[in-house]
Amino acid sequence: MLDDFPTSAADLDPHAAPYDFLVVGAGFAGSVCAERLATAGHRVLVVDRRTHIGGNAYDEVDAAGNLVHRYGPHIFHTNSDAVFAYLSQFTAWRPYEHRVLASVDDMLVPIPINL
């Protein structure tokens, strides 16, 4: 299915019906915007300098069959059941419990701090 989509400017048909929206960037924000617009019936073109979606939270399987985090490890965290349910339509999750804490002013806080 994805083979039908253009992967470079040279693949675009200049005679095709115009797109309603251009989304620049296929990371989390761009991918969600594009999906929401397409679900609403709009024609959406997503462009990204990389050949994959997901931004830095991209995984791939190497030649030996190992799952590799190309851009380093990544953790997605939310307390929102709605966000978790929405994203679960598009991905499988791996169980993970974040256990890294630092002592700051006699309090234990997660590291990195934004978790």
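Going by the working numbering, the sequence shown opens with residue -3, and the numbers climb by one from there. All C-beta atoms, glycine included, are put in the ideal place defined by N, C-alpha and C.
CA-CA distance, Tyr54 and Glu31? 18 Å
Helix, strand or coil for Pro106 per DSSP? strand
DSSP three-state label for Ala98, please. strand
Bridge partner(s) assigned by DSSP for Glu56: Val64
Buried or exposed for Ala60, going by 16 or more other Cβ atoms inside 10 Å? exposed
List the residues that DSSP assigns as beta-bridge partners of Phe17. Val40
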